[in-house]
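A.B. asks:
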Amino acid sequence: MIRIDGLSKTYGEFQAIRGVSLEIRAGETFALLGPNGSGKSTTLKCLVGLTVPTAGQILINGIDIRIRPREARRLLSYLPQRVSFPDNLTVREVADFFGSLRQAASGRFAEVAASTHFEFNGFSNKPVGTLSGGMLQRLGLLVACLPDAPVLILDEPMINLDPEGAIRFRRFLQELKGEGKTIIFSSHMLADVEQLADRVGIFVGGRLASVETVENLRKRLNRDSKMRVAIRPLDYRFVEVVRDAGAQQVSVEGERLIVTSAPDRRLSILAALQAAGAEILEFTTEDPSLEDFYLTYLRGL
Numbered sequence: 031m032i033r034i035d036g037l038s039k040t041y042g043e044f045q046a047i048r049g050v051s052l053e054i055r056a057g058e059t060f061a062l063l064g065p066n067g068s069g070k071s072t073t074l075k076c077l078v079g080l081t082v083p084t085a086g087q088i089l090i091n092g093i094d095i096r097i098r099p100r101e102a103r104r105l106l107s108y109l110p111q112r113v114s115f116p117d118n119l120t121v122r123e124v125a126d127f128f129g130s131l132r133q134a135a136s137g138r139f140a141e142v143a144a145s146t147h148f149e150f151n152g153f154s155n156k157p158v159g160t161l162s163g164g165m166l167q168r169l170g171l172l173v174a175c176l177p178d179a180p181v182l183i184l185d186e187p188m189i190n191l192d193p194e195g196a197i198r199f200r201r202f203l204q205e206l207k208g209e210g211k212t213i214i215f216s217s218h219m220l221a222d223v224e225q226l227a228d229r230v231g232i233f234v235g236g237r238l239a240s241v242e243t244v245e246n247l248r249k250r251l252n253r254d255s256k257m258r259v260a261i262r263p264l265d266y267r268f269v270e271v272v273r274d275a276g277a278q279q280v281s282v283e284g285e286r287l288i289v290t291s292a293p294d295r296r297l298s299i300l301a302a303l304q305a306a307g308a309e310i311l312e313f314t315t316e317d318p319s320l321e322d323f324y325l326t327y328l329r330g331l
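Every number in my numbering is 30 more than the matching position in the sequence shown, counting from 1.
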């Protein structure tokens with residue numbers, strides 16, 4: 031669906047992105063993850079034709095966006111990181127204007143507002159200049175969803191949304207994904223990436239450092255996970271039993287042993303405790319999150 035080859039963008043002596051190559055499949059939800067200034071937004075701006083790359087090629091469904099920009103852009107809908115509309119226009123006027131530009135069907139405003147769960151009751155006739163940051167972001171999301179484009183590109187879409195609004199929008203993106211839409215979004219909010227993305231591209235210093243599925247990222251992290259084990263009796267001799275069974279760290283917290291080990295050592299550790307005479311009352315595990323991977327990855331650079 032989307033192919034990026036050797037994409038670079040230079041501003042004077044500053045290299046915003048460096049040799050980014052990437053393929054995104056139709057119907058995939060792909061996240062660009064990285065700190066501020068890592069090249070995520072510049073990549074998305076090149077992808078939609080707002081920024082001309084210094085080098086490289088972008089194909090949207092086989093269409094080169096530099097050679098046939100109008101045709102390529104018909105396949106895309108884009109939400110920038112900073113949403114801006116004329117202050118004097120009402121919410122409804124903004125929606126009608128952008129809907130007409132993209133030839134959205136009549137009634138599309140109400141349809142999208144309902145499906146995104148972003149109700150604008152009482153706000154349709156309010157000037158944009160009176161909206162809060164959260165409501166302005168909701169309007170931007172609604173406008174981005176007005177055209178029935180097969181590819182939705184969102185730059186930090188959760189910015190300014192309150193927790194309830196973020197939950198509603200995640201639900202809406204899952205619905206779009208179910209309809210077969212290709213969704214590309216950038217974020218530094220790791221929980222959103224973990225919940226929504228099929229694959230993740232890690233951007234660091236203008237480079238695409240890694241592309242993996244969320245599950246493979248956890249595997250690549252290869253961090254030891256924690257296990258909390260409630261045993262009876264809570265005897266400190268079991269600490270040595272757990273260490274001998276392959277745990278890297280063992281501590282006592284309340285009435286539980288906190289065991290740090292490789293995931294494949296869990297069963298051996300539990301079996302060793304039972305063999306030593308401990309009664310296992312319950313145990314819980316904590317697997318590494320995408321945030322663990324991201325922070326560890328940055329520390330390793």
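Beta carbons: idealized from backbone N, C-alpha and C, even for Gly.
Please determine if the stretch 89-106 and the stretch 264-272 are in contact, where contact requires at least 3 C-beta pairs separated by less than 8 Å.
C.D. replies: Taking 8 Å as the limit for Cβ pairs, the verdict is that the stretch 264-272 does not touch the stretch 89-106.
A.B. asks: Could you check how far apart the C-beta atoms of ARG258 and ALA275 are, in whole angstroms? I think they sit under 8 Å.
C.D. replies: Going by Cβ atoms, the distance from ARG258 to ALA275 rounds to 16 Å, so no, they are not a contact pair.
A.B. asks: Please report how far the alpha carbon of LYS75 lies from the alpha carbon of LEU37, in whole angstroms.
C.D. replies: Distance between the alpha carbons of LYS75 and LEU37: 12 Å.
A.B. asks: With a threshold of 16 other CB atoms inside 10 Å of the CB of THR315, please say whether the residue is buried or exposed.
C.D. replies: Answer is exposed; the Cβ neighbour count stays below 16.
A.B. asks: What do you reckon, are the CB atoms on GLY195 and GLY163 nearer than 8 Å?
C.D. replies: No, Cβ-Cβ distance for GLY195 and GLY163 is not below 8 Å.
A.B. asks: SER136 lies in the alpha helix (DSSP H); which residues open and close that run?
C.D. replies: From DSSP, SER136 is part of no alpha helix (DSSP H); its letter is neither H nor E.
A.B. asks: Name the one or two DSSP bridge partners that ARG286 has.
C.D. replies: ARG286 is bridged to ALA260 and GLU283.
A.B. asks: Please name the residue, chosen from LEU169, PRO293 and THR84, that lies closest to GLU43 on a Cα-to-Cα basis.
C.D. replies: Minimum Cα distance to GLU43 is reached at THR84.
A.B. asks: Three or more C-beta pairs closer than 8 Å, one from the stretch 77-93 and one from the stretch 232-239: is that the case here?
C.D. replies: Contact fails: fewer than three Cβ-Cβ distances are below 8 Å.
A.B. asks: Using only the alpha-carbon positions, how far apart do ILE93 and LEU106 sit?
C.D. replies: Their backbone Cα atoms lie some 12 Å apart in a straight line.
A.B. asks: Please state whether the Cβ-Cβ distance between ALA302 and VAL271 is less than 8 Å.
C.D. replies: Against a cut-off of 8 Å, the Cβ pair of VAL271 and ALA302 comes out as a contact.
A.B. asks: Could you tell me which whole alpha helix (DSSP H) segments of length 4 or greater appear in the stretch 58-100?
C.D. replies: Counting only runs of 4 or more, we get 70-77.
A.B. asks: Could you tell me whether the Cβ of ALA305 comes closer than 8 Å to any Cβ of chain C?
C.D. replies: Judged by its chain identifiers, the structure shown contains no chain C, having just a single protein chain.
A.B. asks: Looking at the secondary structure, which residues open and close the beta strand (DSSP E) in which SER51 lies?
C.D. replies: Segment 44-54, the beta strand (DSSP E) holding SER51.
A.B. asks: Is it the case that the CB of ILE32 approaches a heavy atom of the ligand FAD more closely than 7 Å?
C.D. replies: No copy of the ligand FAD occurs in the structure displayed, which carries no ligand at all.
A.B. asks: Kindly give me the distance between the Cβ atoms of VAL121 and LYS156, rounded to whole angstroms, as I take these residues to be in contact under 8 Å.
C.D. replies: That belief holds up - the Cβ atoms of VAL121 and LYS156 are roughly 6 Å apart, short of 8 Å.
A.B. asks: Just how far apart, CA to CA, sit GLY67 and GLU58?
C.D. replies: C-alpha separation (whole angstroms): 25 Å.
A.B. asks: Taking the alpha-carbon of PHE202 as reference, which of ASN246, ARG229, LEU220 and ALA174 has the nearest alpha-carbon?
C.D. replies: Residue ALA174 is the option with its Cα nearest to PHE202.
A.B. asks: Does the distance from the C-beta atom of SER71 to that of SER217 stay below 8 Å?
C.D. replies: Not closer than 8 Å, so no.
A.B. asks: Where does ASP265 sit, in a helix, a strand or coil, going by DSSP?
C.D. replies: It is coil, neither helix nor strand.
A.B. asks: By alpha-carbon positions, which one of LEU80, GLY79, ALA46 and ARG55 ends up nearest to PRO65?
C.D. replies: Cα-wise, what sits closest to PRO65 is ALA46.
A.B. asks: Tell me VAL121's beta-bridge partners as DSSP assigns them.
C.D. replies: Note: VAL121 sits in no beta bridge, so no partner.
A.B. asks: Output needed for ALA23: all residues of its chain with C-beta closer than 8 Å, excluding positions within five of it in sequence on either side, in chain order.
C.D. replies: Absent from the structure is residue 23, since the part of the chain shown begins at 31 and ends at 331.
A.B. asks: Can you tell me whether LYS211 is helix, strand or coil according to DSSP?
C.D. replies: The answer is coil: DSSP assigns LYS211 none of H, G, I, E or B.
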